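Undergrad: One structure, pasted below without further comment.
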Amino acid sequence: MNRVKVTLVGGKGTKGQNQQQTATLDPFIVLTLNTQKYTSSVRRGLDPMWNEGFVFMLGPFPPVLEVKVRHQDRMKMTPPEDIGANTVDLTEAMQKLPQNVGVTTSWGHILLRIEDPDKEPLLTYTPAHIEMSPFANAQAAIAQTIPPTNKTDKIIVHTTSKQIILMGAPASGKGTLCDKLVAKYGIVHIGTGDILRAAVKNKTELGLKVADFMERGQLVPDSLVIQIVKEKLETQEVMKHGWLLDGFPRTHVQAQAMKAQNINPTHVIQIDIPDHELMDRALGRRIDPVTNKVYHITAKPPPTEEIRQRMIHRDDDKQDKVLYRLRQHYENLIPLQEAYKDDIIRVTGKNSDEIWEIVQKILAGDEELIKKLQSKDITTYILSLGGSLVATPGPNISFIKDIAKMVLRLMKKNIHVHVVVGGGRIARDYIQAKKDCAAGMNPDLTDFENDQCGILATRLNAHLLLAAVGEYAKKEIPLDTTADSVVPGKITIMGGTFPGQTTDAVSVKLARAINCKYVINATNVPGVYEKDPKANPEIPLLKRMTSKHLVEIVGNEHKPGNSVIVDPIAAGILLEEKITCYVVDGSDIDNLERCILGQDFTGTTIEYEDE
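To convert, count from 1 in the sequence shown and add 50; that's our numbering.
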């Protein structure tokens, strides 16, 4: 077992370009041993605590330790950037005390310093101010490993055992997974409710403070909860066997508070289950009040009729409560993911057994699997959302909200779906109204001028979806299809751009502008047909076709009443840019989501094919 001290050495104040102190710079340190990461952040405040040391208990580990120093501008919500990185050979370091290893990077100088964390530093440095752009003289220091010690007051995190934060929606199977983790690894499952009640019962100093809030009917502050969690994590039992937190932290604030207390997990595992599956699990769940065993009316029915008769359906498992809990979960999830974005391992599976197999491989250190599950690559889709779905004839609020929820669910899976919204009935009504108003007064009014009303209608619909997606959407609705229409980390929602162009055309033009290779045409029919299915119901749905074949079907002109789903402009761009297009019935959101996730779906896939 080894102790390592990491110190940020630099200016005590952080100055921006205006030479004013700022709270936006958040420097933090990442140590990597094999696939495990250990992270510590400085405290947030107007004067970041540079020159503050962090002591880690690590082991066993190979002789080479990778160190990264990173920063993040919180006010601008920019992604973390490396100030610099280096590795140190601890075998050599153990033979030389002290030892300095340095490397110059584009961000400044990274200094690895070797020292005994229980002694005064053997070297001193003159602090330098850290400029926000560019960084100058940014420095960091790391102490070499030393023999085990009985002192524990400086040990912030014990990492010889597994330390797991488990995240997942209600009914995702976290309880079952926790039981298996405890049984196999002997890890201590920590429930915040349990340890709060224990602290109150034992009348500890913190427990008395908790009791005071409870007696007044007030929520226990996060800061107090974190202190009690930390107190539990420092017990001999947890230090020996490791810990498992399920359902905590729940919010970004709690996660940041944990980091401030140097409570850093070895694994952050997120269980991803489709919403329709979560609803089925929860609505079918039943409890035996005699044994407290959990059953499911179809997936795990009770063994006897007697048990079936006495089973109860908890209020928490009824539809309105499940929907509320899911909504709360998703509201907190994306900010929580931001807090642990360098560590989250996303696990999906058809059932609890499949998920358990994957989790065991993760904890065994399967580097290839972990790298795959931690992939931060963003997959981008452009969704052409038919106006007939959004406005039927007035705004279809429930549908708009369901589309927004789907977009956010996919966003947490690193799938960004940018949406181009059509006008529907509202657009047609206003175009006709403009014609009626101009009758006898403006005989020269053109279709081009009339269509401007339709474009405004599409943007009205886009504003509704923008409101439903909220802070995760780009604030402005783009008026043209350029590369600037999309910004990193946000969902773009837009309407029409130019008279005479359909939602399809705008969607594929946007795809071309941002080099996106997937477009989804969500309309009110199941897919593409060789001929009009209204004229002949026996015409089969085309499951797959080439973009060249599509161009042959739609011809060169968009004709009124044509049953072809994709208009000629869009079809031509699909062929030219080799973009894959999926045509689906957008009213079936589950089917739409399956299409985006690459699962079996009902619809037509249009792909480029080399001749």
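Every residue, glycine too, gets a C-beta built ideally from N, C-alpha and C.
Computed from a predicted model, the values in this text were never measured in an experiment.
Just how far apart, CA to CA, sit L383 and K290?
TA: Residue numbering aside, residue 383 sits at position 333 when the sequence shown is read from its first letter. Residue numbering aside, residue 290 sits at position 240 when the sequence shown is read from its first letter. The alpha-carbon atoms of L383 and K290 are separated by roughly 30 Å.
Undergrad: Beta-carbon separation of K280 and Q311 under 9 Å?
TA: Counting from one through the sequence shown, the residue named residue 280 turns up at place 230. Counting from one through the sequence shown, the residue named residue 311 turns up at place 261. In this structure, Q311 lies closer than 9 Å to K280 by Cβ.
Undergrad: Specify the secondary structure class of K350 as computed by DSSP and reduced to three states.
TA: Sequence index remark: in the sequence shown, residue 350 carries index 300 (1-based). K350: strand per DSSP, three-state reduction.
Undergrad: As a quick exercise: from Y374, L413, N342, Q378, pick the residue whose alpha carbon is nearest that of M361.
TA: Taking the first residue of the sequence shown as 1, we reach residue 361 at position 311. The shortest Cα separation from M361 among Y374, L413, N342, Q378 belongs to N342.
Undergrad: Using the beta-carbon count (16 or more within 10 Å), is T354 buried or exposed?
TA: For the purposes of this step, residue 354 is taken as residue 304 along the sequence shown, with counting starting at 1. Exposed, since its Cβ has fewer than 16 Cβ neighbours within 10 Å.
Undergrad: Please go through the same chain and pick out, in chain order, the residues whose beta-carbon is closer than 6 Å to the beta-carbon of Y658, but skip the five residues on each side of it.
TA: Here residue 658 is taken as the residue at index 608 of the sequence shown, counted from 1. So the qualifying residues of the chain are S597, K628.
Undergrad: Can the beta-carbon of I357 be found closer than 9 Å to that of M217?
TA: Along the sequence shown, read from residue 1 onward, the residue named residue 357 stands at position 307. Along the sequence shown, read from residue 1 onward, the residue named residue 217 stands at position 167. Not a contact, by the Cβ cut-off of 9 Å.
Undergrad: DSSP state of T72, grouped into three classes?
TA: Counting from 1 along the sequence shown, the entry for residue 72 is found at position 22. Residue confidence for T72 is low, a pLDDT of 36 falling below 50, so the modelled location carries little weight; the figure read from the coordinates is stated next. Three-state result, T72: coil.
Undergrad: Taking the Cβ atom as the reference point for each residue, do T542 and L560 lie within a distance shorter than 9 Å?
TA: For this step, residue 542 is matched to residue 492 along the sequence shown. For this step, residue 560 is matched to residue 510 along the sequence shown. Contact: yes.
Undergrad: G225 by DSSP, collapsed to three states: which one?
TA: Stepping through the sequence shown from its first residue, residue 225 is reached at position 175. In the structure shown, the three-state DSSP call for G225 is helix.
Undergrad: Quick one: what does DSSP say Q657 is sitting in, helix, strand or coil?
TA: To locate residue 657, count along the sequence shown from 1; it is residue 607. A small correction: the amino acid at residue 657 is Glu; Gln does not occupy that position in the sequence shown. In the structure shown, E657 falls within a strand segment according to DSSP collapsed to helix, strand and coil.
Undergrad: Please go through the same chain and pick out, in chain order, the residues whose beta-carbon is closer than 6 Å to the beta-carbon of M595, but skip the five residues on each side of it.
TA: Position 545 of the sequence shown holds residue 595. Same-chain partners within the cutoff: I656.
Undergrad: On the premise that A523 lies in contact with I450, defined as a C-beta separation below 8 Å, what is that separation, rounded to the nearest angstrom?
TA: Here residue 450 refers to the residue found at position 400 of the sequence shown. Here residue 523 refers to the residue found at position 473 of the sequence shown. Actually they are not in contact, since the Cβ atoms of I450 and A523 sit about 13 Å apart, beyond 8 Å.
Undergrad: Taking all protein chains shown into account, decide if S438 is buried (16 or more other Cβ within 10 angstroms of its Cβ) or exposed.
TA: Counting from one through the sequence shown, the residue named residue 438 turns up at place 388. Answer is buried; the Cβ neighbour count reaches 16.
Undergrad: Going by beta carbon distance, what residues of the same chain come within less than 6 Å of T301, once the five residues before and after it are set aside?
TA: Along the sequence shown, read from residue 1 onward, the residue named residue 301 stands at position 251. Hits under 6 Å: N382.
Undergrad: Out of S402, I240, E417, which one is the CA nearest neighbour of E287?
TA: Against the sequence shown, residue 287 aligns to sequence position 237. Comparing Cα-Cα distances from E287 to each of S402, I240, E417, the minimum goes to I240.
Undergrad: Let me know the secondary structure DSSP gives N511 once reduced to three states.
TA: The residue you call residue 511 lines up with position 461 of the sequence shown. Here N511 sits in helix by DSSP.
Undergrad: Can you tell me whether DSSP reads V564 as helix, strand or coil?
TA: Taking the sequence shown and counting its residues from 1, one reaches residue 564 at position 514. At residue 564 the sequence reads Ile, which differs from the Val that was named. When secondary structure is reduced to three states using DSSP, I564 falls in the helix class.
Undergrad: If distances are taken between C-alpha atoms only, which option among V536, E327, D501 comes closest to F548?
TA: For the purposes of this step, residue 548 is taken as residue 498 along the sequence shown, with counting starting at 1. It is D501.
Undergrad: Just how far apart, CA to CA, sit V556 and R375?
TA: For the purposes of this step, residue 556 is taken as the residue at position 506 of the sequence shown. For the purposes of this step, residue 375 is taken as the residue at position 325 of the sequence shown. Each residue's alpha carbon lies about 37 Å from the other.
Undergrad: Which of helix, strand or coil does DSSP assign to V138?
TA: The sequence position of residue 138 within the sequence shown is 88, counting from 1. Bear in mind that a pLDDT of 44 at V138, under 50, signals an unreliable position, so the model cannot answer this.
Undergrad: Identify the continuous beta strand (DSSP E) that holds Q213 and give its terminal residues.
TA: The residue labelled residue 213 in the question sits at position 163 within the sequence shown. 213-218 is the extent of the beta strand (DSSP E) around Q213.
Undergrad: Would you list the residues sitting across from Q320 in a DSSP beta bridge?
TA: As a position in the sequence shown, residue 320 is number 270, starting the count at 1. In DSSP, Q320 forms a bridge with M217, R396.
Undergrad: So is Q387 buried or exposed if we call it buried at 16+ other beta carbons inside 10 Å?
TA: Residue mapping note: residue 387 aligns to position 337 of the sequence shown, counting from 1. By the neighbour-count rule (16 or more Cβ atoms within 10 Å), Q387 is buried.
Undergrad: Less than 8 Å between the CB atoms is what I'm expecting for I664 and W293, so what's the real figure, rounded?
TA: No statement about residue 664 is possible, as the shown extent of the chain runs from 51 to 661 and does not include it.
Undergrad: Quick check on the burial criterion: 16 or more other C-beta atoms within 10 angstroms. Buried or exposed for K581?
TA: Residue numbering aside, residue 581 sits at position 531 when the sequence shown is read from its first letter. Exposed, by the Cβ-count rule.
Undergrad: How long is the line joining the alpha carbons of F185 and G223, rounded to whole angstroms?
TA: Translated into positions along the sequence shown, residue 185 becomes position 135. Translated into positions along the sequence shown, residue 223 becomes position 173. Legend: pLDDT at F185 = 24, less than 50; position of this residue unreliable, value from coordinates given subsequently. Going by the C-alpha atoms only, they are around 45 Å apart.
Undergrad: Work out the CA separation of L515 and G474 for me, nearest whole Å.
TA: The residue labelled residue 474 in the question sits at position 424 within the sequence shown. The residue labelled residue 515 in the question sits at position 465 within the sequence shown. Rounded to the nearest angstrom, the two C-alpha atoms are 14 Å apart.
Undergrad: Using the three-state DSSP reduction, which class does I543 fall into: helix, strand or coil?
TA: By one-based count along the sequence shown, residue 543 stands at place 493. Strand at I543.
Undergrad: Enumerate, from N- to C-terminal direction, the unbroken alpha helix (DSSP H) stretches of 4 or more residues contained entirely within the segment 357-423.
TA: For secondary structure counted as the alpha helix (DSSP H) over 4 or more consecutive residues, the segment 357-423 holds these complete runs in sequence order: 369-389, 402-413, 417-423.
Undergrad: For Q424, collect the residues of the same chain with a Cβ closer than 6 Å to its Cβ; drop the 5 residues on either side in sequence, then sort them by chain order.
TA: Numbered from its first residue, the sequence shown carries residue 424 at position 374. I395.
Undergrad: Could you please give me the residues that DSSP links to N312 through a beta bridge?
TA: For the purposes of this step, residue 312 is taken as residue 262 along the sequence shown, with counting starting at 1. DSSP lists no partner for N312.
Undergrad: Give me the Cα-Cα distance between T199 and I420, rounded to the nearest whole angstrom.
TA: Mapped onto the sequence shown, residue 199 falls at position 149. Mapped onto the sequence shown, residue 420 falls at position 370. Caution is warranted here: a pLDDT of 32 is assigned to T199, below 50, making its placement in the model unreliable, and the coordinate value is therefore given only provisionally. Their backbone Cα atoms lie some 33 Å apart in a straight line.
Undergrad: For the alpha helix (DSSP H) holding L460, just list the boundary residues, first then last.
TA: The residue you call residue 460 lines up with position 410 of the sequence shown. Residues 447-461.
Undergrad: Identify the continuous alpha helix (DSSP H) that holds V537 and give its terminal residues.
TA: The count along the sequence shown starts at 1 and reaches residue 537 at position 487. Counting along the chain, V537 falls outside any alpha helix (DSSP H), and DSSP gives it neither H nor E.
Undergrad: With M595 as the anchor, note down where its alpha helix (DSSP H) starts and where it stops.
TA: Within the sequence shown, numbered from 1, the residue matching residue 595 stands at position 545. Run containing M595: none in the alpha helix (DSSP H); it sits in the beta strand (DSSP E), 594-596.
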